[in-house]
Amino acid sequence: MMQHHLILRVVVKILAPAIILFGLYVQFHGDYSPGGGFQAGVIIAAAFIIYGIVFGLKQAQQVLPGWVVHKLIALGVLIYAGTGIYSMMAGYTFLDYDGLSPAYPTGGQHNGILLVEFGVGVTVTGAMVTIYYAFAGRPPRISDEEW
Amino acid sequence: MVATAVAIARMRSLFATVMLAGVFSLLSALLFVNLDAVDVAFTEAAVGAGISTVLMLGTLALTSRVERPSSRSPVIPLFVVIATGAMLIYGTLDMPNFGSPDAPAQLHVAPDYFYGTEKDIKLPNVVTAILASYRGFDTLGETAVVFTAGIGVLLLISGLRTRRRRDEDEEEDET
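Same order as they appear, the protein sequences are chains A and B. Quick note on numbering: the first sequence equals residues 1 to 147 in our numbering. Quick note on numbering: the second sequence equals residues 1 to 175 in our numbering.
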């Protein structure tokens, strides 16, 4: 599918890893610079979506199969809620990150925020890629020439 | 931005409309940068200009390419829009000046968050600290919303179960 568009294919091949890397930077550097889970999730999803647009849905789903993405959506929420439940187990209130390392609350806060943002990122990536797969997976009404 | 909005409303070609909607998002991202809300601008650029344009195009591929001209007269919608806009502008007259230090938004819990972030969390990005720590519960809710949206689209239109294409398309726009 889509053997034309040589330039697009080469550019996307070079760009996609860079986009994912930038997404990870936004994800884990969100404490210090603008960004966080929501933005990072969208950026990482965009890398997969752009790959899917240029190389076709089949190729994209070989890289990231549909069932994995479905699990990712739930996994993110579980990471988030799990962090809260862990702090509850440690004797603090739900989502009180001081409980992650009682001896050094600031560090606990840092870890908690990182974990929680990671959960958000995973869910957002999963949801965005799922929505794209769902839309792109349906047989289109408009043929390519009509554009 | 106004020109883009008017063009979107006047345009019949849906493809051009989607592209202009992307332009509109990008412009509003610039606006947010101007207001020093970099986190929001970031999200707007990624979600509004990037993902939703792609999703709209995906939807467009499933429907037709040109909008059907509507038969109803535009007078009543126009009146409603103008009345609402006038009321909103009237409302802004009461608002404190932009960046004014004694605006209610700056006096209520914001100082607690600012000083608390410095003391308890020691993170330079206050937005992240508020989002993930002070308002962790809200963010959990937001994540659940995203989760629900994903599940909803999955149930409605993904081909989990193979199905024949029906003649009338249900138009689901989950953006």
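Glycine is no exception: its CB is placed at the ideal position from the N, C-alpha and C atoms.
At a cut-off of 9 Å between beta-carbon atoms, F24 (chain B) makes no contact with chain A. Of all residues in the region 64-77 of chain A, those with a C-beta nearer than 8 Å to a C-beta of chain B are G66, H70, I73, A74, G76, V77, reading in chain order. By the criterion of at least three beta-carbon pairs nearer than 8 Å, the region 39-51 of chain B is in contact with the region 36-46 of chain A. Taking the beta carbon of I51 (chain B) as reference, the chain A residues within 9 Å of it are V42, A45, A46, I49, M128, I131, Y132, listed in sequence order. At a cut-off of 9 Å between beta carbons, E67 (chain B) makes no contact with chain A.
Shown here, S33 (chain A) sits in coil according to DSSP, grouped into three states, outside any helix or strand.
Of the candidates B:A29, B:I76, B:G50, B:L31, B:G50 places its Cα closest to the Cα of I19 (chain A).
About 6 Å separates the beta carbons of V122 (chain A) and L75 (chain A), which is inside the 8 Å limit, making them a contact pair. Non-local C-beta neighbours of S101 (chain A) in its own chain, meaning closer than 6 Å and more than five positions away in sequence, comprise G107, G108, ordered along the chain.
Taking 9 Å as the cut-off, the Cβ atoms of F32 (chain B) and A5 (chain B) do not count as close.
Cβ contact annotation for G84 (chain A) (same chain, cutoff 6 Å, sequence separation greater than five): F94, L95, in chain order. Only exposed fits V68 (chain A), as fewer than 16 other CB atoms lie within 10 angstroms of its CB. At the C-beta level, Y80 (chain A) and T63 (chain B) stay beyond 9 Å of one another. Within chain B, the C-beta atoms nearer than 7 Å to that of S33 (chain A) come from N125, in chain order.
Take the alpha-carbon of R12 (chain B) and the one of V2 (chain B): they are about 18 Å apart.
The three-state reading of DSSP puts S100 (chain B) in coil, since its state is none of H, G, I, E or B.
If you check each beta-carbon in the region 94-107 of chain A against every beta-carbon of chain B, the ones closer than 8 Å belong to F94, L95, Y97, P105, T106. Annotation: the region 119-157 of chain B contains the following complete segments of the alpha helix (DSSP H) (minimum length 4 residues), in chain order: 126-129, 136-157. Looking at the backbone, the Cα of I44 (chain A) and that of A83 (chain B) are separated by about 42 Å.
Not flagged as an interface residue toward chain A: S73 (chain B), since no C-beta distance is shorter than 9 Å. For I113 (chain A), the chain B residues whose Cβ falls inside 9 Å of its Cβ are I121, L123, T128, A129, L131, A132, S133, G136, in order along the chain. Between T117 (chain B) and I113 (chain A) a beta carbon distance of about 11 Å is seen, past the 8 Å cut, so the two are scored as non-contacting. Beta-bridge partners of V129 (chain A) (DSSP): none assigned.
Among the residues of chain A, those whose CB is under 7 Å from the CB of G150 (chain B) are I73, G126, A127, T130, I131, following chain order. Residue contact check for H4 (chain A) against chain B: no CB pair falls below 9 Å.
Check the Cα spacing between F118 (chain A) and each of A:K58, A:Y25, A:F135, A:A90: the tightest is with A:Y25. The alpha-carbon of G91 (chain A) is positioned some 20 Å away from that of L78 (chain A).
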